[in-house]
Amino acid sequence: MPIQFFGKTDIGSVRDTNQDNFFADYLDCGIDEQVFLAVVCDGMGGASGGSFASSLAIKTFVSELCAGLKNVSEEKLSIDSCELLLSYAAKCANSAVYNAAQSNSELHGMGTTLVGMMVFRNTVYALNIGDSRLYVLAEDGMCKLTRDHSYVQALVDQGKISEAEAKVHPNKNVIMRAVGTDAEVAADFFKILPDRKSFLLCSDGLSNFVDDISMEKIIVESDSVREAVNTLIEKANTAGGGDNITAILVRF
436 MPIQFFGKTD IGSVRDTNQD NFFADYLDCG IDEQVFLAVV CDGMGGASGG
486 SFASSLAIKT FVSELCAGLK NVSEEKLSID SCELLLSYAA KCANSAVYNA
536 AQSNSELHGM GTTLVGMMVF RNTVYALNIG DSRLYVLAED GMCKLTRDHS
586 YVQALVDQGK ISEAEAKVHP NKNVIMRAVG TDAEVAADFF KILPDRKSFL
636 LCSDGLSNFV DDISMEKIIV ESDSVREAVN TLIEKANTAG GGDNITAILV
686 RF
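Counted the way the working numbering counts, the sequence shown spans residues 436 to 687.
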């Protein structure tokens with residue numbers, strides 16, 4: 436199944452450094468079947484800690500996932516094994532960031548979000564930790580596949596505030612789960628068929644500054660995935676660009 440994809444990260448209009456990182460490409464794992472992977476990480480923990488955490492998380496996640504795919508025979512690869520491989524890669528990424536933070540006082544407290552999708556055998560396997568998001572756009576519109584692991588999302592779930600109030604809440608950037616802040620972390624997993632769908636992975640530098648309706652309109656009206664991503668980032672910067680902005684658009 437042919438895949439069009441494009442990813443980009445932007446420092447935004449306010450920040451001095453970019454603590455986001457991303458990966459989007461086919462994996463070279465030494466197996467006959469194609470495996471596509473897209474990952475976005477939004478780091479936190481100071482100017483150096485945040486960028487280091489997001490970079491380390493992606494490098495570890497990609498390498499461990501690739502090693503896992505290579506070590507499992509293609510005959511034994513299944514829905515369950517793909518989820519286990521993603522889970523193990525996320526666990527390794529968490530340990531790498533956590534151990535690095537514990538061994539260096541200047542990096543103590545660093546962490547990162549992680550949202551990713553793997554395409555294998557015409558199926559999308561996705562996971563998320565934190566508040567970076569994965570959106571799915573099909574013929575009937577766009578919806579958010581992931582659920583934010585954030586303080587404001589918990590308030591929304593409890594019926595204490597609305598989605599609109601969550602966007603302007605003073606604690607909207609407080610997340611309840613992150614890669615590397617604790618010795619262990621749980622990820623949410625999803626499986627979906629990619630037929631005639633587009634997938635948008637992004638950091639909150641996009642989702643906090645561009646509403647879902649505007650994002651959908653831009654994606655639908657753009658002639659290419661590159662144009663869509665560039666327009667989304669431009670829109671976020673026009674709206675203030677108050678954070679680093681990262682987006683990957685994957686189209687089937």
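Here a beta-carbon is modelled for each residue, glycine too, at the ideal position from N, C-alpha and C.
Here the structure is a predicted model, which means the values were calculated and not measured.
Chain-order list of residues whose beta-carbon lies under 6 Å from that of residue i (same chain, five-residue window excluded)
i	result
N563	V550, T581 and D623
Y586	N606 and V609
D445	I668 and I680
G677	V449
G576	none
A561	M552, L569 and F625
Delimiting residues of the alpha helix (DSSP H) encompassing residue i
i	result
L641	D639 to S642
L590	Y586 to D592
Residue range of the beta strand (DSSP E) that includes residue i
i	result
A473	V470 to M479
A459	D455 to Y461
V685	I680 to R686
D445	Q439 to D445
I627	D623 to I627
Rounded separation between residue i and residue j - CA only
i	j	result
S659	G615	35 Å
N679	R631	30 Å
A621	G565	10 Å
M545	N456	14 Å
Q588	V645	18 Å
S540	I654	43 Å
L512	T452	40 Å
C695	T495	Since the first residue of the chain shown is 436 and the last is 687, residue 695 is not available in this structure.
V559	I627	5 Å
N643	K602	7 Å
E656	A674	20 Å
F458	S489	11 Å
R661	L636	14 Å
L572	S597	23 Å
M552	A618	23 Å
Residues near residue i by beta carbon distance below 8 Å, same chain, minus five either side
i	result
L641	M650, L667, I668, A671, I680, T681 and A682
E574	R631
V664	F441, G442, K443, A682, I683 and L684
- Taking three-plus beta-carbon pairs below 8 Å as touching, is the region 516-523 in contact with the region 496-506? yes
- Task: Assess, as a yes-or-no matter, whether the region 527-545 is touched by the region 603-617 under the definition of 3 or more beta carbon pairs within less than 8 Å.
- Result: yes
- Complete runs of the alpha helix (DSSP H) confined to the region 535-608 [at least 4 residues]: 586-592 and 598-603
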